[in-house]
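Residue numbers (this note's numbering): 43 to 170. Note that CB positions come from ideal geometry on N, CA and C, so glycine has one too. First the structure, in the form of structure tokens, and then the observations on it.
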């Protein structure tokens, strides 16, 4: 398991965080990550989790995806949201990783994430 974690922390306050996210999207920012994997060669299946921010994953996910060659890899996106579902995130990932196979994703309401273990487990079992 690998956590995509930025050098600069995002605001804890929801509104402040969404404002920062919006600016990053507008600027096509690529926030620096605290660490990176040496390689993804040993992985065939990648479960990629993220929150939906303005219909797409956070720009830090772009930083991560653009660093590696996902050719021949299968990516399983999953996200939390508050009404947009997967939004445009699957198509966004397809553009960044055109040589990867992008599976059907899973979208969970962020406010219901704590009660979604069974749903997540069913989805995971259907993918492995």
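* So what's residue 142 in DSSP terms, helix, strand or just coil? -> In the three-state scheme derived from DSSP, where H, G and I count as helix and E and B as strand, residue 142 is classed as coil.
* Opposing strand residues paired with residue 122 [DSSP bridges] -> Answer is 93, 150, bridged to residue 122.
* Asked: The alpha helix (DSSP H) with residue 166 in it runs from where to where?
  -> Looking at the DSSP string, the run of the alpha helix (DSSP H) that includes residue 166 is 159-169.
* Excluding five sequence neighbours on each side, which residues of the same chain lie with their C-beta closer than 7 Å to the C-beta of residue 44? -> If you ignore the 5 residues before and after residue 44, its C-beta comes within less than 7 Å of the C-beta of 79, all in its own chain and listed in chain order.
* **Under the three-state DSSP convention, the category residue 107 falls into** => Helix, per DSSP.
* By Cβ distance below 6 Å, which residues in the same chain neighbour residue 47 in space, the five residues on each side in sequence not counted? -> These residues qualify, in order along the chain: 76.
* To do: Specify whether the segment 132-141 and the segment 152-162 touch according to this definition: at least 3 beta carbon pairs, one from each stretch, less than 8 Å apart.
  => No, the segment 132-141 is not in contact with the segment 152-162.
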